[in-house]
Amino acid sequence: MFTAPNGGPLRNTNFRSRVFAPAAASVGLAGLTPHDLRHTAASLAVTAGANVKAVQRILGTPRRR
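Be aware that the sequence shown starts at -8, since it is given in my numbering, and climbs by one per residue.
Okay, structure coming up:
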């Protein structure tokens, strides 16, 4: 388990604002979110021939009713 610099829990909003956003901006991708990466990974997997249902299962996509 990863912790924040103070030893407490690592919160998603803290990680995004303190680590992810500055890293993305430093490589010219300001505004990129972890969710964008999730979509990209799914699209690349399906384009490469992965089974859509398998990708959904791996990503934990909720099942449609």
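Glycine included, each C-beta is placed from N, C-alpha and C at the ideal position. All values derive from a computational prediction rather than experimental measurement.
Among the bridge pairs identified by DSSP, Thr(-6) is matched with Pro0. Leu20 and Arg9 have their C-alpha atoms roughly 15 Å apart. Between the alpha carbons of Ala12 and Val18 lies a distance of about 10 Å. Following the DSSP letters along the chain, one finds Leu28 inside the alpha helix (DSSP H) bounded by residues Pro25 to Thr38.
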